[in-house]
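Quick notes on the structure that follows.
Numbering (this note's numbering), first residue to last: 954 to 1366.
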């Protein structure tokens, strides 16, 4: 068995950032650049929170810089090279990856969990509603949820907001099963259609085995991460849908597709079995020769780089928690704090909100980590990143309304 490849923490971080498109040359800020980034990331998480801007748009901005958001919408709704489905959460995924996502569509609900069993039983009880929804979409789609009559025989019960939202739940389950798709959006309102009517003719429909899906998805996950452990791979891209992952990784090692790695510095080895994809070894070797093009930017709370909070803490020594649902009295950094990336370090957070009426990007508070650099170059780089975000948001004026670290006050206060 070949010896594990030894990688320093610095080069591990830099490889992760390179594979996340947060270092090195930027892709072109156009439709093809958006597709390049989407391929490398695998998914762009959707979230209804719009304190500053929609998360998926921020994720692309952090990588592309200013780009025409209408190009993203064209890729989604006109060219249909992207579509909405479930990756590590509700996300924008690639139509060319349809065979990977099709496994979940074929097997949902799997009945492995209490929730899945409830869903399966409820769907069986409401075949009349299911037939009605499918028939209406076939005849009149795309339709909004409110265009569909509730013909349920048994109500969906939940302590949360989905209680008795029967049409919504049926659409949700049909979406998981790949029967329906989100055909377009008007604001936050979704228009639904049958997948067979909406997906482009060129959509790959290969019916892959479970093992082949895991084989492909595991490699996509690892390459998006740059390097990671079995747990990291399982918690990225198609989260938790990697049955038999250890055996698949062992097979990929035998095939020479991935290698074992050891993160080590000053004789101290990080815990866990780490892996790196052989396609990324040339990039790693360049980084080890100090061929490195860093970047300073702000990240969405749902950015793919930091979505696995435990991995972020291990790799970057940076603890991040979104506090929008935390009671105000218990918040430390603010409800919508954007992490600050400086080169290969996460050095703070900017609590932001967009005042759309006044056209202002409000900086409610700026927080620096204890070891954040205090020099002029750092503060200017952070200031430029904030100004770039304001420009992307339509030329908003930056308004500082809260505390700024003393060491950064001259440039940011």
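By construction, the Cβ of each residue, glycine as well, lies at the ideal position given by its N, Cα and C atoms. Quick caveat, the model's predicted, so the values are computed rather than measured.
Once you ignore the five residues that flank residue i on each side, which residues in its own chain have a CB closer than 6 Å to its CB?
| i | result |
| --- | --- |
| residue 1168 | 1201 |
| residue 1151 | 1134 and 1136 |
| residue 1361 | 1332 |
| residue 1355 | 1317 and 1318 |
| residue 1043 | 999 |
| residue 1051 | 1156 and 1157 |
| residue 1121 | 1098 |
| residue 1020 | 982 |
Please report how far the alpha carbon of residue i lies from the alpha carbon of residue j, in whole angstroms.
| i | j | result |
| --- | --- | --- |
| residue 1111 | residue 1353 | 42 Å |
| residue 968 | residue 1178 | 8 Å |
| residue 1229 | residue 982 | 29 Å |
| residue 1089 | residue 1256 | 37 Å |
| residue 1118 | residue 1030 | 26 Å |
| residue 1340 | residue 1159 | 46 Å |
| residue 1046 | residue 1176 | 16 Å |
| residue 1053 | residue 1146 | 21 Å |
| residue 1271 | residue 1265 | 6 Å |
| residue 1007 | residue 999 | 8 Å |
| residue 1036 | residue 1048 | 6 Å |
| residue 1013 | residue 1263 | 23 Å |
| residue 1307 | residue 1342 | 11 Å |
| residue 1106 | residue 1078 | 7 Å |
| residue 1123 | residue 1102 | 12 Å |
| residue 1250 | residue 1087 | 45 Å |
| residue 972 | residue 1218 | 22 Å |
| residue 1097 | residue 1033 | 19 Å |
| residue 1022 | residue 1207 | 43 Å |
| residue 1109 | residue 1058 | 21 Å |
| residue 1116 | residue 1327 | 51 Å |
| residue 956 | residue 1010 | 42 Å |
| residue 974 | residue 1018 | 11 Å |
| residue 1091 | residue 1060 | 23 Å |
Contact check, residue i vs residue j under 8 Å by CB: the rounded distance?
| i | j | result |
| --- | --- | --- |
| residue 1248 | residue 976 | 6 Å |
| residue 1056 | residue 1166 | 4 Å |
| residue 1301 | residue 1322 | 6 Å |
| residue 1214 | residue 1180 | 6 Å |
| residue 1104 | residue 1081 | 5 Å |
| residue 1190 | residue 1170 | 6 Å |
| residue 1291 | residue 1253 | 7 Å |
| residue 1016 | residue 979 | 7 Å |
| residue 1100 | residue 1185 | Not a contact, Cβ separation roughly 42 Å. |
Please list, in chain order, all residues of the same chain as residue i whose beta carbon is under 7 Å from its beta carbon, the five residues on each side excluded.
| i | result |
| --- | --- |
| residue 1371 | Any property of residue 1371 remains undetermined from this structure, which presents the chain solely from 954 to 1366. |
| residue 1241 | 964 |
| residue 970 | 976 and 1297 |
| residue 1182 | 1225, 1226 and 1227 |
| residue 1126 | 1072 and 1076 |
| residue 1273 | 1259, 1262, 1265 and 1292 |
Is it buried or exposed for residue i, if we count other Cβ within 10 angstroms and need 16 for buried?
| i | result |
| --- | --- |
| residue 1039 | buried |
| residue 1155 | exposed |
| residue 1231 | exposed |
| residue 1067 | exposed |
| residue 1162 | exposed |
| residue 1303 | buried |
| residue 1025 | buried |
| residue 1140 | exposed |
| residue 1234 | exposed |
| residue 1221 | exposed |
| residue 1128 | buried |
| residue 1113 | exposed |
| residue 1174 | buried |
| residue 1142 | exposed |
| residue 1282 | exposed |
| residue 1338 | buried |
| residue 1063 | exposed |
| residue 1238 | exposed |
| residue 1164 | exposed |
| residue 1172 | buried |
| residue 1350 | exposed |
| residue 1267 | buried |
| residue 995 | buried |
With DSSP collapsed to three states, give me the class of residue i.
| i | result |
| --- | --- |
| residue 1022 | helix |
| residue 1235 | helix |
| residue 1277 | coil |
| residue 1331 | helix |
| residue 1067 | helix |
| residue 1228 | strand |
| residue 1297 | coil |
| residue 1359 | helix |
| residue 1045 | strand |
By Cβ distance, which residues of its chain are closer than 8 Å to residue i, with the 5 residues on each side in sequence left out?
| i | result |
| --- | --- |
| residue 1364 | 1329, 1332, 1333, 1335 and 1336 |
| residue 1348 | 1312 |
| residue 1346 | 1005, 1006, 1307 and 1314 |
| residue 1246 | 976, 977 and 978 |
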